[in-house]
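A short worksheet on the structure shown next.
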Amino acid sequence: MANQAQQTGLFNQDALVGILFALLAAVGFSAKAILVKLAYLDRVDAATLLALRMAFSVPFFIGVALWARRQHAEPLGTRDRMLVLVLGLIGYYLSSFLDFLGLQYVSAGLERLILFLYPTLTVILSALLTRRAIARPVIAAMAVCYAGIALAFVHDAGAMPHGAVLGASLVFASTVSYSVYLVGAGHAIARIGAARFTAYAMIVATAASLLQFAATHPLGALDVPGRVYGLALAMAVFSTLLPVFLLSHAIRRIGSGSTSLIGSVGPIATLVMAYAFLHERLSSVQIAGSALVLAGVLIVSAHSRRAPA
1 MANQAQQTGL FNQDALVGIL FALLAAVGFS AKAILVKLAY LDRVDAATLL
51 ALRMAFSVPF FIGVALWARR QHAEPLGTRD RMLVLVLGLI GYYLSSFLDF
101 LGLQYVSAGL ERLILFLYPT LTVILSALLT RRAIARPVIA AMAVCYAGIA
151 LAFVHDAGAM PHGAVLGASL VFASTVSYSV YLVGAGHAIA RIGAARFTAY
201 AMIVATAASL LQFAATHPLG ALDVPGRVYG LALAMAVFST LLPVFLLSHA
251 IRRIGSGSTS LIGSVGPIAT LVMAYAFLHE RLSSVQIAGS ALVLAGVLIV
301 SAHSRRAPA
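The sequence shown stops at residue 309 when you use the UniProt record's numbering, and every number in between is there.
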């Protein structure tokens, strides 16, 4: 009995650590929009900010790539190299750039809600690829999601009337891009390995970001306030590297389903941080829209986990 109690205590402790890691990962990912908006106060543009964030992140991913290469003796085949190249460009570079552009026009709260729609888009893309009909409860849940986005957009259109449509469209395009990446990455990750695939894809995205900056900006564009460098570094550490680690450890302790459920606090965390640090106004319309999006996405995600592969 004592042995069993000790095992239960260890299990509970491990589960609590997993829950804490999942929460911290969700908050870390959610803080990215806040950091981007704060950097924009110093009139830095999206391409420069993205290049700085990726440049600060990439040394870590190069280290992971070197470690993963030693763990996997077999080199990547031509097909896998093309997958890494294409998915790295779509999922990490294009998605991030569109998101950074969109944040110039919409609130951090609306941006996070739109990004949170990715499970609905992966369901639609998977259904198109497999030619499998989407269940009616899922269609109804997706309708609830997009009704919630419409309400949240009404809030932004009133608070930020200039460019709200453009900003929401850019962030939605970012979400589509990330969803394409998720649908395409599953089989590649199974063959290549999660760490190696992520590291290689991030290196590709960093190269694309730096090349874009070099082609469109003079070197003098890097002469930005030190505060921007600090925010870009914080983005790399607290909204990229640490959440990736925390998320993987959370999944190992409490499973992907529970981790995904806890991750739904992300949009709420963004709204709270936007109110606290950016002084973004909270309205009953925005709160109602957020509630609809969260409810719909949770239903879609739960049904997707139950659906046969």
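A virtual CB, placed ideally from N, CA and C, is assigned to each residue, including glycine.
Worksheet item: Where Leu129 and Ser301 are concerned, what is the direct C-alpha to C-alpha distance, given to the nearest angstrom?
Response: Taking the sequence shown and counting its residues from 1, the one referred to as residue 129 is at position 129. Taking the sequence shown and counting its residues from 1, the one referred to as residue 301 is at position 301. Between Leu129 and Ser301, the C-alpha separation is close to 18 Å.
Worksheet item: With 16 other CB atoms within 10 Å as the buried threshold, where does His155 fall?
Response: On the sequence shown, residue 155 is found 155 positions in, with the first residue counted as 1. By the neighbour-count criterion, in which 16 or more other beta carbons inside 10 Å mark a residue as buried, His155 falls on the buried side.
Worksheet entry | Whole-Å CB distance - residue 321 paired with Ala173, under 8 Å assumed | Absent from the structure is residue 321, since the part of the chain shown begins at 1 and ends at 309.
Fill in: Beta-carbon contacts of Gly9 that lie in its chain and below 7 Å, excluding the five residues immediately before and after
By 1-based counting over the sequence shown, the position of residue 9 is 9. Summary for Gly9: the model assigns pLDDT 48, below 50, so the residue's position carries little reliability, and this model does not support an answer.
Worksheet item: Mind checking whether Ile254 and Gly18 have CB atoms under 8 Å apart?
Response: As a first step, residue 254 is located in the sequence shown; it is residue number 254 there, counting from the start. As a first step, residue 18 is located in the sequence shown; it is residue number 18 there, counting from the start. Going by C-beta atoms, Ile254 is nearer than 8 Å to Gly18.
Discussion item. My assumption, with CB atoms under 8 Å, is that Tyr181 sits in contact with Leu87. Please give the rounded CB distance.
Written reply: Indexing the sequence shown from 1 puts residue 181 at position 181. Indexing the sequence shown from 1 puts residue 87 at position 87. About 5 Å separates the two Cβ atoms, so the contact holds.
Worksheet item: With Arg112 and Ser30 assumed to form a contact (beta carbons below 8 Å), what rounded beta-carbon distance in angstroms separates them?
Response: For this step, residue 112 is matched to residue 112 along the sequence shown. For this step, residue 30 is matched to residue 30 along the sequence shown. Right, the Cβ-Cβ distance comes to about 6 Å (below 8 Å), so this counts as a contact.
Worksheet item: Considering only residues of the stretch 115 to 203, which uninterrupted alpha helix (DSSP H) runs meet the minimum length of 4 residues and lie entirely inside it, listed in chain order?
Response: Listed in chain order, they are 118 to 130, 136 to 159, 164 to 192.
Fill in: Under 8 Å between C-beta atoms of Ala147 and Leu16
Residue 147 sits at position 147 when you count from the first residue of the sequence shown. Residue 16 sits at position 16 when you count from the first residue of the sequence shown. The Cβ atoms of Ala147 and Leu16 lie no closer than 8 Å to each other.
Worksheet item: So, is Arg196 buried or exposed, given that buried needs 16 or more other C-beta atoms within 10 angstroms?
Response: In the sequence shown, residue 196 corresponds to position 196, counting from 1. The residue is buried, with at least 16 neighbouring Cβ atoms inside 10 Å.
Worksheet item: Between which two residues does the alpha helix (DSSP H) harbouring Pro267 extend?
Response: In the sequence shown, counting from the first residue as 1, residue 267 sits at position 267. 266 to 277 is the extent of the alpha helix (DSSP H) around Pro267.
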